[in-house]
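Novice:
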Amino acid sequence: MPGTNGIELLHSLRRLPDYADTPVIMLTATCDRKHVDDAFLEGATDYITKPFDFLELRSRMHTAEALMRERIKTRKSMESVRALQDELDFNMQFSFEDPLTIDNVDRLLRYVEFDNYIGQLSRGRMFKSRAVAIKLYDASFLYDVSTSSDFRSTITDLARAIVKCAKGKDFMLSYRGSGLFLAVEHASAPHEAFVSEKRLNQIFNSILGQRGVPSTQRALIGEPVPMRSLSKSWAFAALNRAVQSAEARERNILCKLDEDPADDLGCAPEQFDHMRRRIYEKVLFELFRDETYLGSK
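Take 2 as the starting number for the sequence shown in this note's numbering and just add one per residue.
1. Does the contact criterion of 3 or more C-beta pairs under 8 Å hold for the stretch 107 to 124 versus the stretch 157 to 167?
2. Where do the ends of the beta strand (DSSP E) carrying Arg161 lie?
3. Let me check understanding here. Comparing Cα to Cα, which of Ala140, Val113, Lys77 and Ala65 lies closest to Phe97?
4. How far does the beta strand (DSSP E) with Ile26 in it reach, from first residue to last?
5. Does Leu182 pass the burial test, meaning 16 or more other C-beta atoms within 10 Å, or should it be called exposed?
6. Grouping DSSP H, G and I as helix and E and B as strand, with all else coil, what is Asp107?
7. Taking 8 Å as the threshold (C-beta atoms), are Glu186 and Phe172 in contact?
8. Can you have a look at Asn117 and say buried or exposed, based on whether 16 or more other CB atoms are within 10 angstroms of its CB?
9. To the nearest angstrom, report how far apart Gly4 and Leu14 are at their CA atoms.
10. With burial defined as no fewer than 16 other Cβ atoms inside 10 Å of the residue's Cβ, what is the status of Asn241: buried or exposed?
11. Since Ala184 is in the beta strand (DSSP E), which residue starts that stretch and which ends it?
12. Under 7 Å Cβ to Cβ from Asn202, same chain only, skipping five residues before and after it: list those, please.
13. With distance defined between alpha-carbon atoms, name the residue in Ile163, Val25 and Glu248 nearest to Ala67.
14. Does the contact criterion of 3 or more C-beta pairs under 8 Å hold for the stretch 207 to 217 versus the stretch 148 to 163?
15. Measuring straight from C-alpha to C-alpha, what distance separates Pro225 and Lys77?
16. Based on the DSSP secondary-structure assignment, which residues constitute the bridge partners of Val133?
17. I need the boundaries of the alpha helix (DSSP H) containing Gly178, first residue and last residue.
18. Starting from the Cα of Ser216, find the closest Cα among Ile254, Thr155 and Phe237 and give me that residue.
19. In angstroms, rounded to a whole number, what distance separates the CA positions of Gln177 and Ala132?
20. Return the residue from the list Phe152, Ala65, Gln121 and Arg16 that minimises the CA-CA distance to Met27.
21. Would you report the Cα separation of His36 and Ser150, rounded to the nearest angstrom?
22. If we call anything under 8 Å between Cβ atoms a contact, is Gly223 one with Ala243?
23. Kindly indicate which three-state DSSP category Asp22 falls into: helix, strand or coil?
24. Out of Phe55, Leu122, Cys32 and Glu43, which one is the CA nearest neighbour of Ile8?
25. Considering only their Cβ atoms, is the gap separating Leu101 from Arg153 smaller than 8 Å?
26. To the nearest angstrom, how far is it from the Cα of His12 to the Cα of Phe95?
27. Taking C-beta to C-beta, are Ala246 and Ala134 nearer than 8 Å?
28. In or out: Ala190 buried (at least 16 other Cβ within 10 Å) or exposed?
29. How should Leu10 be labelled, buried or exposed, when 16 other C-beta atoms within 10 angstroms of its C-beta is the threshold for buried?
30. Taking Cβ positions, are Tyr138 and Glu251 nearer each other than 8 Å?
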C-alpha cells in the first residue's frame, strides 16, 4: 500500500456501506497511544501488536466475528423499532380537510409553497396558464370508512396517477385537503385537456390494484379555468373557480344517484356497481356509526 498506512485504509473502508460492520483487526508493530487511538476512532474492532501468538489471534478473530453478528442483530432490531415508529407516525389521525404532506411525488408542492408559487407567478402575465381541480369522488365517505393510513395511501396513489398521466406537461400540483388536488398548467395548447379523466382513472385504479386495494375509486376533473390575471387576487379567484367546477361535478353525480341510481353517469359498469355498493355502505354507516369505531373518528 504505497503512500497509505493501515489507519488511512481503515478510514476508507469504513465509509463503504459493505464494510460498515465488517470486523477489522489492526496487526501492527506500532504501539504508541496516538496510533491506537486513531485506529479505534476510525472503527477498528481490535488492535494487536507484533509479535503476536497465532492462537490468541484466532481467539480474538472469533470474538470479533461474534461481536459483528451481535451488532448486526442489534441494528436490525433498531431498524424494526424505527420502522414501527414511522408507521405509527404515518397512521396518526388527521382531519378530512387537512392538506396532507405527500412525499416522493414529482411536481407536487405543499399547501403553503403552492400558494407562494401562485403569488410569485401572478406578478407576471399568465396568459397561457390555467387551473384545473381534480377531486377524489365521494372522498368524505371514503375518509369515514377508512383508516387514516388507507386514506392517506389512496390520496398518495391519486397524486402519483395524476403526475404519471400528465407526463410531459408543464405543470405544478398541490393537495389542498378534502380529497382535492389543484394543478396549474402552463399550456402550449390551451384547447387540449390537461389529462384525460378516463385515462387518469385507469392509471389510478391500476396503482390501487398493485397495492392490493380491492375496491374501485374514481377521480373527477373540473373544467380548466384560465389564469389570465394581472394580480394575486385574480389568480386565486381562478383557483377557486376551478375548485367549484370539480365540486359541482361531484354534487351533480351524487344528486343523480339519489334520484335514480340506474341513471347513466358516464362511467364503466364496474364503476357503477361500485358506486351502488357505496350507497348501501353509506346507508349502513349512517345507521350504525355510533356503534362502531368510526363514530369516534
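Cβ coordinates follow ideal geometry from the N, Cα and C atoms, glycine included.
Specialist: Reading from the atomic positions:
1. yes
2. Translated into the one-based positions of the sequence shown, residue 161 becomes position 160. Run containing Arg161: none in the beta strand (DSSP E); it sits in the alpha helix (DSSP H), Ser149 to Cys166.
3. Your numbering for residue 97 matches position 96 in the sequence shown. When each option's Cα is compared against that of Phe97, the closest is Ala140.
4. The residue labelled residue 26 in the question sits at position 25 within the sequence shown. First-last of the beta strand (DSSP E) with Ile26: Ile26 to Thr29.
5. As a first step, residue 182 must be located in the sequence shown, where it is residue number 181. Going by the sequence as given, residue 182 is Phe instead of Leu. By the neighbour-count rule (16 or more Cβ atoms within 10 Å), Phe182 is buried.
6. On the sequence shown, residue 107 is found 106 positions in, with the first residue counted as 1. The answer is coil: DSSP assigns Asp107 none of H, G, I, E or B.
7. Walking along the sequence shown from the start, residue 172 turns up at place 171. Walking along the sequence shown from the start, residue 186 turns up at place 185. Yes, these two residues count as a Cβ contact at 8 Å.
8. Here residue 117 refers to the residue found at position 116 of the sequence shown. That one is exposed.
9. Position 3 of the sequence shown holds residue 4. Position 13 of the sequence shown holds residue 14. So the two alpha carbons sit approximately 16 Å from each other.
10. Taking the first residue of the sequence shown as 1, we reach residue 241 at position 240. So Asn241 ends up on the exposed side.
11. The residue you call residue 184 lines up with position 183 of the sequence shown. Note, Ala184: beta strand (DSSP E), Leu181 to His187.
12. Sequence index remark: in the sequence shown, residue 202 carries index 201 (1-based). Within the same chain, Asn202 has close Cβ partners Arg219 and Ala220.
13. Numbered from 1 along the sequence shown, position 66 holds the residue referred to as residue 67. With distances taken between Cα atoms, Ala67 lies closest to Val25.
14. yes
15. For the purposes of this step, residue 225 is identified with residue 224 of the sequence shown, where counting begins at 1. For the purposes of this step, residue 77 is identified with residue 76 of the sequence shown, where counting begins at 1. Going from the Cα of Pro225 to the Cα of Lys77 covers about 50 Å.
16. By 1-based counting over the sequence shown, the position of residue 133 is 132. Bridge partners of Val133: Ala184.
17. Within the sequence shown, numbered from 1, the residue matching residue 178 stands at position 177. Counting along the chain, Gly178 falls outside any alpha helix (DSSP H), though it belongs to the beta strand (DSSP E) covering Phe172 to Gly178.
18. Mapped onto the sequence shown, residue 216 falls at position 215. For Ser216, the nearest C-alpha among the options comes from Thr155.
19. Here residue 177 corresponds to residue number 176 of the sequence shown, with the count starting at 1. Here residue 132 corresponds to residue number 131 of the sequence shown, with the count starting at 1. In the sequence under discussion, the amino acid at residue 177 is Arg, which differs from the Gln named in the question. Taking the straight line from one Cα to the other gives about 13 Å.
20. What you label residue 27 is simply residue 26 of the sequence shown in a count that begins at 1. Nearest option by C-alpha distance: Ala65.
21. Sequence index remark: in the sequence shown, residue 36 carries index 35 (1-based). Sequence index remark: in the sequence shown, residue 150 carries index 149 (1-based). In a straight line, the C-alpha of His36 is about 52 Å away from that of Ser150.
22. Position 222 of the sequence shown, counted from the start, is the residue given in the question as residue 223. Position 242 of the sequence shown, counted from the start, is the residue given in the question as residue 243. Contact: yes.
23. Residue 22 sits at position 21 when you count from the first residue of the sequence shown. In the structure shown, Asp22 sits in coil (DSSP, three-state: anything other than H, G, I, E or B).
24. Position 7 of the sequence shown, counting from 1, holds the residue named residue 8. The option with the nearest alpha carbon to Ile8 is Glu43.
25. Taking the sequence shown and counting its residues from 1, one reaches residue 153 at position 152. Taking the sequence shown and counting its residues from 1, one reaches residue 101 at position 100. In this structure, Leu101 lies closer than 8 Å to Arg153 by Cβ.
26. Sequence index remark: in the sequence shown, residue 12 carries index 11 (1-based). Sequence index remark: in the sequence shown, residue 95 carries index 94 (1-based). Cα-Cα distance, rounded: 46 Å.
27. Locating residue 246 in the sequence shown gives position 245, where the first residue counts as 1. Locating residue 134 in the sequence shown gives position 133, where the first residue counts as 1. In the sequence under discussion, the amino acid at residue 246 is Ser, which differs from the Ala named in the question. Yes; because the gap between Cβ atoms is below 8 Å, this pair is in contact.
28. In the sequence shown, counting from the first residue as 1, residue 190 sits at position 189. Exposed, since its Cβ has fewer than 16 Cβ neighbours within 10 Å.
29. By one-based count along the sequence shown, residue 10 stands at place 9. When all chains shown are included, Leu10 counts as exposed.
30. For this step, residue 138 is matched to residue 137 along the sequence shown. For this step, residue 251 is matched to residue 250 along the sequence shown. In this structure, Glu251 lies closer than 8 Å to Tyr138 by Cβ.
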